[in-house]
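First the structure, in the form of structure tokens, and then the observations on it.
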Amino acid sequence: MICFEHVSKFVLSDVSIYIPAGTSVGLIGASGAGKTTFLKLACGLLSPERGFVRTMRKNPVTHRSELGVSMGVMLNDIPVLADDNSVKSNFDDLRIIYRMTEGGYKEEYRILADVLGFGSYENETINALSLGQRRRVELGALLLRHPKLLLLDEPTIGLDQTAKENLRMLLAERQKEGMTLIISSHDMGEISALCERIALLDHGMLTYYGERELLLKRFAPMDTLEVILSGPLPDLEDLPLHSFMLNQNKLTLTYNSNHVSSAELLHHLLKKTSFTGVTTYKSELADVIKRIEKGETNEFYRGK
Amino acid sequence: MKLSPYLAFAKKSFLSRSAYRFDHFMGILNTLLRIFIFWGIYLALYNGKSEVDGVTMTMVTTNFILSMGLSTVFCVNDFYLPSRIQNGSIANEMLLPVSIHGRMLADNLGNALFQLVFHFIPAVVISVLVIGIHAPASVAMFALFLLSAIFGYGVLWTISFALQMLAFWLINVWSIMTIKNVFINVLSGSMIPLWFMPDWMKGVLMFTPFSSIYFTPVQIYLGQLSVPEILKGFGIQLIWILVFVFLGKVLWKQGQKKLVVQGG
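Okay, here's the thing in structure tokens:
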């Protein structure tokens with residue numbers, strides 16, 4: 001669906017990636033890492049300085065309008081809808097542009113208005129809407145015509161929890177229909193829920209592209225195990241721990257999940273002592289971003 | 001370029017205008033006021049004479065009634081593209097599977113059709129009844145006048161089309177559009193008929209795009225042009241249309257290039 005071959009543009013440097021049709025990719029990275037540039041290159045709003053980009057086997061810069069039939073794009077710095085027109089009028093424009101039948105359009109509009117909740121202000125002009133209201137309408141406008149490829153830049157900004165959940169549900173449905181989804185977001189919950197693959201950008205470099213679980217193992221392998229002891233403190237010398245801390249009867253163990261599993265740790269503890277409660281904390285995508293922002297991931301690049 | 005979405009946009013533009021009834025009546029009143037003010041000015045200037053330098057009062061009134069009537073129809077939205085460049089939505093327009101130029105034209109044509117039916121016809125009918133104008137020289141000349149008026153609209157639209165592209169570099173093109181409108185108002189012959197200009201100036205102006213917007217159609221209507229002169233007039237109109245379309249397309253390509261290379 002999307003292919004980048006040694007692409008450089010602005011901060012992006014020598015990015016090569018292939019995203020097959022039907023996959024969902026979460027584009028993550030600290031601010032300024034090149035996520036929006038990546039999306040603009042994919043849809044043809046930017047041309048690469050070096051390398052080439054193909055979207056649906058076409059050069060997106062020269063076939064932008066043609067690709068527009070089956071591609072939906074939402075970028076934070078680009079308004080999707082005409083500000084001085086009402087919600088309904090904007091959707092009516094889309095009906096004309098995408099040559100939708102009257103019946104099909106009405107049905108689709110009703111579903112989207114219900115799920116995303118913009119039906120109650122459909123006669124308001126876009127510039128009279130709040131950020132969250134506007135975002136709901138923009139997402140509806142993109143989903144109206146069932147695009148084969150959807151590129152979203154921070155889609156949940158301004159959305160409340162219900163709207164976020166409804167959007168997730170809607171996107172998951174569309175993914176089942178075969179839609180390819182690329183989301184750039186700082187909301188790691190969103191990415192985790194929707195994306196099977198992660199593309200990690202750090203200072204313009206694609207430092208990881210693959211499954212989410214593998215990313216965590218590589219960049220945020222430190223998990224935590226909390227044990228409420230009812231017996232004595234066991235000998236922890238021969239365990240491959242990163243660190244441990246005892247606070248009254250609460251023992252906190254931090255370990256590298258690539259070296260030892262929580263099951264192995266518990267098995268060891270059970271042999272040496274007794275305890276009344278156990279809690280494990282797995283690393284999350286947000287931890288990866290935090291580490292990138294702190295510049296702590298360089299050690300992994302060197303070791304890869 | 002399939003026509004159906006553009007026809008639908010033109011229809012939408014036409015229908016959206018009909019929602020503003022007060023604006024519609026004010027528009028007719030505005031056109032009538034302008035026509036009657038000019039009538040008053042020329043009545044004073046002619047001071048009871050039937051003609052000045054071979055130009056009769058009826059010729060003058062015919063010129064400004066038709067020119068001002070046409071100017072109500074020839075309303076081009078000079079800020080269709082600049083407003084989209086200013087707020088950044090031009091990038092989204094570039095991703096749509098319809099031509100933005102086609103949308104611009106459809107939007108303007110829908111509006112022009114509304115103006116023709118609801119402003120031009122009532123205003124001209126009232127003016128003809130109260131002031132009176134020359135009848136067309138012949139049925140054939142009237143038909144050629146209509147054709148020339150369509151080409152005149154083409155010239156006006158393409159001038160605006162080309163100048164709107166400058167917004168890629170200047171962002172705010174308000175002053176350029178104002179200067180363009182001053183040139184059109186003064187040099188198109190709608191306010192001051194080109195008959196009153198010195199011969200050398202008239203000779204120069206007849207080759208500019210401005211005179212071909214309103215003055216060429218009016219001259220054809222009055223039967224002042226021979227067949228070769230009419231053909232020359234059409235030729236000048238078509239050449240200007242092609243020149244401005246070419247210029248606009250070149251600037252559009254360069255503007256798009258600026259967007260995709262520099263990112264804005």
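One line per chain: the protein sequences are R and H, in this order.
If you use the working numbering, the first sequence corresponds to residues 1 to 304, in order.
If you use the working numbering, the second sequence corresponds to residues 1 to 264, in order.
Glycine included, every Cβ here is placed at the ideal spot set by N, Cα and C.
Worksheet entry | Partners in chain R for Val60/H, counting only beta-carbon separations shorter than 9 angstroms | Counting from 1 along the second sequence, the entry for residue 60/H is found at position 60. Near Val60/H there are no residues of chain R at all, since even the closest Cβ is about 40 angstroms away, more than 9 angstroms.
Worksheet entry | Chain-order list of residues whose beta-carbon lies under 7 angstroms from that of Val76/H (same chain, five-residue window excluded) | Locating residue 76/H in the second sequence gives position 76, where the first residue counts as 1. Cβ within range, chain order: Asn108, Leu156, Trp157 and Ser160.
Item to complete: Could you give the DSSP three-state label for Ser127/H: helix, strand or coil?
Response: Position 127 of the second sequence holds residue 127/H. Correct three-state label for Ser127/H: helix.
Discussion item. On the criterion of 16 or more Cβ atoms from any shown chain inside 10 Å, does Met74/R qualify as buried, or is it exposed?
Written reply: For the purposes of this step, residue 74/R is taken as residue 74 along the first sequence, with counting starting at 1. Under this definition Met74/R is a buried residue.
Practice prompt. Please list the partners that Gly68/R has in chain H, where partner means a Cβ-to-Cβ separation under 9 angstroms.
Written response: Looking up residue 68/R in the first sequence gives position 68. The contacting residues are Met94, Leu95, Leu96, Pro97 and Val98.
Worksheet item: Which whole-angstrom value describes the C-beta separation of Leu27/R and Ala199/R, a residue pair presumed to lie in contact below a C-beta threshold of 8 angstroms?
Response: Taking the first residue of the first sequence as position 1, residue 27/R is located at position 27. Taking the first residue of the first sequence as position 1, residue 199/R is located at position 199. The pair is a contact, with the Cβ atoms about 5 angstroms apart (cut-off 8 angstroms).
Item to complete: Determine contact between the region 168-182 of chain H and the region 209-223 of chain H, defined as no fewer than three beta-carbon pairs at a distance below 8 angstroms.
Response: no
Worksheet entry | Sequence-distant residues of the same chain with beta carbon closer than 6 angstroms to Gln237/H, five excluded per side | Along the second sequence, read from residue 1 onward, the residue named residue 237/H stands at position 237. Around Gln237/H: Phe151, Val155 and Ser212.
Worksheet item: Along the chain, which unbroken stretches of the alpha helix (DSSP H) at least 4 residues long are found entirely within the region 209-248 of chain H?
Response: 211-221
Worksheet entry | Arg54/R versus Met188/R - alpha carbon distance | As a working note, residue 54/R is residue 54 in the first sequence. As a working note, residue 188/R is residue 188 in the first sequence. Looking at the two C-alpha atoms, the distance is approximately 27 angstroms.
Worksheet item: Which residues, in order along the region 174-204 of chain R, keep a beta-carbon less than 7 angstroms from a beta-carbon of chain H?
Response: none
Worksheet item: Mind pulling the chain H residues with CB within less than 8 angstroms of Asn77/R?
Response: Here residue 77/R refers to the residue found at position 77 of the first sequence. Note on residue identity: the sequence assigns Asp, not Asn, to residue 77/R. Chain H residues near Asp77/R: Gly88.
Item to complete: Just the chain H side, please: which residues come within less than 9 angstroms of Arg50/R by C-beta, in chain order?
Response: For the purposes of this step, residue 50/R is taken as the residue at position 50 of the first sequence. What Arg50/R touches in chain H: nothing, since even the nearest Cβ is about 13 angstroms away.
Discussion item. Against chain H, which members of the region 33-50 of chain R pass a CB distance test of less than 9 angstroms?
Written reply: Thr37, Lys40, Cys43, Gly44, Leu45, Leu46, Ser47 and Glu49
Worksheet item: Under the DSSP definition of a beta bridge, which residues are partnered with Ser86/R?
Response: Here residue 86/R refers to the residue found at position 86 when the first sequence is read from its first residue. Answer is Thr125/R.
Worksheet item: Quick one: what does DSSP say Val25/R is sitting in, helix, strand or coil?
Response: In the first sequence, residue 25/R corresponds to position 25, counting from 1. Reduced to three states, the DSSP call for Val25/R is strand.
Worksheet item: If you measure from the beta carbon of Ala91/H to each beta carbon in chain R, is any gap under 7 angstroms?
Response: Here residue 91/H corresponds to residue number 91 of the second sequence, with the count starting at 1. So, interface residue.
Practice prompt. List the residues of chain R that Val5/H touches, going by C-beta distances under 7 angstroms, in chain order.
Written response: Here residue 5/H corresponds to residue number 5 of the second sequence, with the count starting at 1. Before going on, a small fix: residue 5/H reads as Pro here, not Val. By Cβ distance, chain R contributes Ile96, Ile97 and Arg99.
Worksheet item: Taking all protein chains shown into account, do 16 or more other C-beta atoms lie within 10 angstroms of the C-beta of Met206/H, making it buried, or fewer, making it exposed?
Response: Working through the second sequence from its first residue, we reach residue 206/H at position 206. Answer is buried; the Cβ neighbour count reaches 16.
Worksheet item: Should Ala141/R go down as buried or exposed, given a rule of 16 or more other Cβ atoms within 10 Å for buried?
Response: Counting from 1 along the first sequence, the entry for residue 141/R is found at position 141. Buried: at least 16 other Cβ atoms inside 10 Å.
Discussion item. I need the straight-line Cα distance from Arg95/R to Glu177/R, nearest angstrom please.
Written reply: Position 95 of the first sequence, counted from the start, is the residue given in the question as residue 95/R. Position 177 of the first sequence, counted from the start, is the residue given in the question as residue 177/R. Approximately 21 angstroms, taken between the alpha carbons.
Fill in: Where Arg135/R falls: helix, strand or coil (DSSP)
Translated into the one-based positions of the first sequence, residue 135/R becomes position 135. Three-state DSSP puts Arg135/R in a helix.
Worksheet item: Whole-angstrom Cβ separation of Met68/H and Ile35/H, contact assumed at under 8 angstroms?
Response: Here residue 68/H corresponds to residue number 68 of the second sequence, with the count starting at 1. Here residue 35/H corresponds to residue number 35 of the second sequence, with the count starting at 1. Contact holds; Cβ gap of about 5 angstroms.
Fill in: 7 angstroms Cβ cut-off: residues of chain H touching Ser243/R
Taking the first sequence and counting its residues from 1, one reaches residue 243/R at position 243. The premise fails here: Ser243/R is roughly 45 angstroms from chain H at the closest Cβ pair, so nothing lies under 7 angstroms.
Discussion item. Any beta carbon of chain R sitting closer than 7 angstroms to that of Met1/H?
Written reply: Translated into positions along the second sequence, residue 1/H becomes position 1. With a pLDDT of only 49 at Met1/H, under the threshold of 50, the placement of this residue in the model should not be trusted, and no figure is reported.
Worksheet item: What is the DSSP secondary structure of Leu239/R, reduced to helix, strand or coil?
Response: For the purposes of this step, residue 239/R is taken as the residue at position 239 of the first sequence. Residue state, collapsed to three classes: coil.
Worksheet item: Out of curiosity, what's the CA-to-CA distance linking Glu229/H and Thr216/H?
Response: In the second sequence, counting from the first residue as 1, residue 229/H sits at position 229. In the second sequence, counting from the first residue as 1, residue 216/H sits at position 216. Whole-angstrom Cα-Cα distance: 10 angstroms.
Fill in: Unbroken beta strand (DSSP E) run spanning His6/R, endpoints
Here the question's residue 6/R lines up with position 6 in the first sequence. Segment Ile2 to Lys9, the beta strand (DSSP E) holding His6/R.
Worksheet item: How about Met205/R and Ser13/R: are their beta carbons less than 7 angstroms apart?
Response: Reading the first sequence from its first residue, position 205 is the one you call residue 205/R. Reading the first sequence from its first residue, position 13 is the one you call residue 13/R. Cβ atoms of Met205/R and Ser13/R: closer than 7 angstroms.
Item to complete: Within the region 93-154 of chain H, note down every full alpha helix (DSSP H) run reaching 4 residues or more, in order along the chain.
Response: 100-115 and 121-130
Worksheet entry | Residue of Ile171/H, Asn172/H and Val218/H minimising C-alpha distance to Gly189/H | Taking the first residue of the second sequence as position 1, residue 189/H is located at position 189. Taking only the C-alpha atoms, the option nearest Gly189/H is Val218/H.
Practice prompt. Ignore the nearest five residues each way along the sequence and tell me which others in Thr62/R's own chain have a CB closer than 6 angstroms to its CB.
Written response: As a first step, residue 62/R must be located in the first sequence, where it is residue number 62. No residues qualify anywhere along the chain.
Worksheet item: Taking just the CA atoms, how far does Ala167/H sit from Phe246/H?
Response: Counted from its first residue, the second sequence places residue 246/H at position 246. Counted from its first residue, the second sequence places residue 167/H at position 167. Each residue's Cα considered, the two are about 17 angstroms apart.
Practice prompt. Identify the continuous beta strand (DSSP E) that holds Asn256/R and give its terminal residues.
Written response: For the purposes of this step, residue 256/R is identified with residue 256 of the first sequence, where counting begins at 1. Where Asn256/R is concerned, the enclosing beta strand (DSSP E) stretches over Lys250 to Asn256.
Item to complete: Would you mind reading off the limits of the alpha helix (DSSP H) that contains Glu107/R?
Response: Residue 107/R sits at position 107 when you count from the first residue of the first sequence. From DSSP, the alpha helix (DSSP H) with Glu107/R extends over Glu102 to Leu116.
Discussion item. With H, G and I counted as helix, E and B as strand and the rest as coil, what does DSSP make of Ser16/R?
Written reply: As a position in the first sequence, residue 16/R is number 16, starting the count at 1. Strand, per DSSP.
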